[in-house]
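Q: Numbering-wise, the sequence shown is residues 15 to 532 according to the numbering used here.
Just so it is clear, CB atoms sit at the ideal spot from N, CA and C, and this is done for glycine as well.
The model shown is predicted, which means the values in this text are computed figures rather than measured ones.
I'd like to ask some things about the structure below.
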Amino acid sequence: ARLRLIRTPNIGPVSWQQLMLRFGSGEAAIEALPAPRLETLFAEDPNRLAAFSVDVAGLHFDWSKTHLTAQAVAAFEALAKAQDLAGKREALFAGEIINTTEGRAVTHVAERGEGSVDDVAQARVLHARMRALIDAIEGEALGPIRHVLHVGIGGSALGPDLLIDALGREDSRYDVAIVSNIDGAALEEVFKKFDPTATLLVIASKTFTTKETLTNAESVLQWMGEGGVDDVYGRVVALTADPDKAVEWGVDETRVLPFAESVGGRYSLWSSIGFPAALALGWDNFQDMLDGAGEMDRHFRQTSLSQNAPALAAFADLYYTQVRHAETRATFAYDERLRLLPSYLQQLEMESNGKGVTIDGKPLGRPSAAITWGGVGTDAQHAVFQLLHQGTHLVPVEFVAVIEPGDTLAEEHHRQLLLNAFAQGAALMKGRPNDDLARSYSGDRPSSTILLEVLDARTLGALIAFYEQRVFVNGVLLGINPFDQFGVELGKEMAKAADAGGQEFDVSTTDLIKRAFG
Ligand code: F6P
């Protein structure tokens, strides 16, 4: 990593209240963004680009087009000190119980070799089991497999889907379909394409209780049976933190790939949940992805906060959500291979930090994480960028692009793609005043850019780990536990109760149920 010094005023630890006084009270409206404008920040500091960019693990990060200043960074560093970010970061890597609301450690970092000795050793044993099963499948121990049908939802689907879509376009060794929705239309589409006698069913569920996943799995078994497979259970692999449940369900224990309970669902692609990706991309690629993530972890752990990519990103997030009251943040992938990144980030960020309560069980009393949304460039430019350039909402924008193209068409495609990403950032910042307000651009709208040299397993691993650690910093500074998700339980319980007929609903819901089922 290139290290650069930002000269910062020396301030002691501060609370959120003191920090807010320092910044003054913020307003969401673009017009109320404080002077100096972004362009002035550049004009005043010839070192700005260097001070607000970081290079690590083949990724270049540029926050210079945000309103972060040396003073703001210093203030957030002081808050980080008050919230003991350094201590909590060490506790994460040491495998201590930091998910206190669920009484668990948080060990996804151990999957990439960066946790406690015991946790890393356990992860390696479980990875070895994964690898052995991949070898067996390649050796046709389960018969000739050409198709892999992975059923899982949320964290048990989004990670493998992203990895395979990003890296498996050219040389995926199997056709992989990842089905999450309980809507039968999703499975039926796959049934039309896959040969049941050459299909492996992979059931991914941390809890092995998720209704969508188990319903889909049963339908796949039925389709296989009807399609001429005698021993349907002989073609099933389970990825879970509750192996007993998988065995009880009927999966042979030699094909149950466990992972640790302390690996959270949305942080689980590094564990056996990554199995379809490791199968499709090959073990070496999977290992490269773990190594790239490990490199980002070491950067996060060892680099001072003013040059620390996850920390600087989180400082910018917090500046806009807490000081300027931005309610959303948008990530645009200027690379077709990363088109699933925004939906992956939605679960990672919103399920982690979308909470109105602190880790001590008190009301948060301030905005939680921003709503994460986004899309793919250049498509998004012709759909949602109008609002970003001229709307009244403040939306910090993040561009993610890759220097080396992922296609073999004329260079012109990729050149135009990248130039569009860069031009959008410049236009958001610069704007163009006009007496005719309809044609006037206020400018001064913040954006950041993540530029990958190449998109491969290693850089993708580093990119995802960056986002995870950014979520961690946001959580620690807000005082939120990013590792539980009680907010999703109520809806699940009510759907279950409705299924069992034991739920009294309100008038509107009762009417909807009656209309649908009579
Ligand atoms: O509903 C939320 C959730 O619990 C996610 O956190 C998780 O990734 C998803 O459901 C799937 O859960 P499981 O892996 O246990 O099937």
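1) What residues in its chain sit with their C-beta under 6 Å from that of T227, if we drop five residues either side in the sequence?
2) Would you kindly work out how many angstroms separate the C-alpha atoms of D179 and L172, rounded to a whole number?
3) Closer than 8 Å by C-beta to R380: which residues in its own chain qualify, once you throw out the five before and the five after it? Chain order, please.
4) Quick one: what's got a C-beta closer than 6 Å to A344's C-beta in the same chain, skipping five residues either side?
5) Let me check one thing: in DSSP terms, what residues is G389 bridge-paired to?
6) Is any heavy atom in the ligand F6P found nearer than 6 Å to the beta carbon of E241?
7) What number of angstroms, rounded off, separates the C-alpha of I527 from the C-alpha of Q517?
8) Going by Cα to Cα distance, which pick from H427, G306, E116 and V28 is closest to I373?
9) In this structure, does DSSP put G157 in helix, strand or coil?
10) If you pair each beta-carbon of the region 338-356 with each one of the region 504-514, do three or more pairs fall below 8 Å?
11) Given A43, which residues of its chain have a CB within under 8 Å of its CB, disregarding the five upstream and five downstream residues?
12) Scan the region 185-232 and note each continuous alpha helix (DSSP H) run of 4 residues or more that stays entirely inside, going in chain order.
13) For the ligand F6P, enumerate in chain order all residues having a CB closer than 6 Å to any of its heavy atoms.
14) Near R315, what residues of its chain come up, given a Cβ to Cβ distance below 7 Å and the 5 sequence neighbours on each side ignored?
15) Drop a sphere of 10 angstroms on the beta-carbon of H427, count the other beta-carbons inside from all chains shown, and report buried for 16 or more, exposed for fewer.
16) For E41, name the three-state secondary structure that DSSP assigns.
17) Using the beta-carbon count (16 or more within 10 Å), is N299 buried or exposed?
18) So, with DSSP's three-state summary, where would you put R351?
19) For a test of the three-state rule: what should DSSP assign to R446, helix, strand or coil?
20) Quick check: the Cα distance between E41 and M34, rounded to an integer number of angstroms?
21) Can at least three beta-carbon pairs, one atom from the region 360-369 and one from the region 495-507, be found at a separation below 8 Å?
22) So, are the CB atoms of S276 and R126 less than 7 Å apart?
23) Just checking my contact of V243 with P272 at CB under 8 Å: how many whole Å lie between their CB atoms?
24) With 16 as the cutoff for other CB atoms within 10 Å, does N448 come out buried or exposed?
25) If you check the beta carbons only, do A347 and F480 fall under 7 Å apart?
26) So, helix, strand or coil for L73, using DSSP?
27) Beta-carbon separation of I196 and D175 under 7 Å?
28) Given this structure, state the Cα-to-Cα distance separating R249 from T213, to the nearest angstrom.
29) From L431 to A307, what distance separates their C-alpha atoms?
30) Pair every Cβ in the region 346-360 with every Cβ in the region 382-402, then say whether three or more of these pairs are closer than 8 Å.
31) Reducing DSSP to helix, strand and coil, say where T552 ends up.
32) Return helix, strand or coil for S454, following the three-state DSSP convention.
33) So does the region 89-103 actually touch the region 63-75, counting three or more Cβ pairs closer than 8 Å?
A: Reading it off the structure:
1) So the qualifying residues of the chain are V165, G166, I167 and S219.
2) Just so you know, the alpha carbons of D179 and L172 end up roughly 10 Å apart.
3) The residues are W30, Q336 and L492.
4) Counting only Cβ-Cβ distances below 6 Å, and skipping sequence neighbours, we find W387, G388, V409 and V411.
5) G389 pairs with F346.
6) Looking at the sequence provided, one finds Gly at residue 241 rather than Glu. Checking the 6 Å criterion, the Cβ of G241 is out of range of every heavy atom belonging to the ligand F6P.
7) Our two residues, I527 and Q517, have alpha carbons roughly 11 Å apart in a direct line.
8) Taking only the C-alpha atoms, the option nearest I373 is E116.
9) Strand.
10) No: fewer than three Cβ pairs fall under 8 Å.
11) Unreliable positioning characterises A43 in this predicted model, as indicated by a pLDDT of 45, which lies under 50. A coordinate reading is not provided.
12) Listed in chain order, they are 198-207.
13) Here the residues come out as I167, G168, G169, S170, S219, K220, T221, T224, T227, G279, R280, E365, Q499 and V502.
14) Annotation for R315: R103 and F107 place their beta carbon closer than 7 Å to its own, counting only its chain and skipping 5 residues before and after.
15) By the 10 Å Cβ count, H427 comes out exposed.
16) For E41, the predicted model reports a pLDDT of 46, less than 50, meaning its position is unreliable; a value from the coordinates is still stated below. DSSP, reduced to helix, strand and coil, places E41 outside both helices and strands of the structure shown, so it counts as coil.
17) By the neighbour-count definition (other C-beta atoms within 10 Å, threshold 16), N299 is a buried residue.
18) In the three-state scheme derived from DSSP, where H, G and I count as helix and E and B as strand, R351 is classed as helix.
19) The answer is strand: DSSP assigns R446 an E or B state.
20) Confidence at E41 is low in this model, with a pLDDT of 46, below 50, so its placement is unreliable and no value can be given for it.
21) Put simply, the region 360-369 touches the region 495-507. At least three CB pairs are less than 8 Å apart.
22) The answer is no: Cβ separation not under 7 Å.
23) Their Cβ separation, rounded to whole angstroms, is 25 Å, which puts V243 and P272 out of contact at 8 Å.
24) Residue environment: N448 is assigned as exposed (fewer than 16 neighbouring CB atoms within 10 Å of its CB, all protein chains considered).
25) No. Outside cutoff.
26) L73 falls in the strand class under three-state DSSP.
27) In this structure, D175 does not lie closer than 7 Å to I196 by Cβ.
28) Take the alpha-carbon of R249 and the one of T213: they are about 7 Å apart.
29) If I take the Cα positions, the gap works out to 27 Å.
30) As far as the Cβ criterion goes, the region 346-360 touches the region 382-402, which means the pair count is three or higher.
31) Given that the chain is displayed from residue 15 to residue 532, the structure contains no residue 552 and the question cannot be resolved.
32) Coil, per DSSP.
33) Contact between the region 89-103 and the region 63-75 is absent: fewer than three C-beta pairs spanning the two stretches fall below 8 Å.
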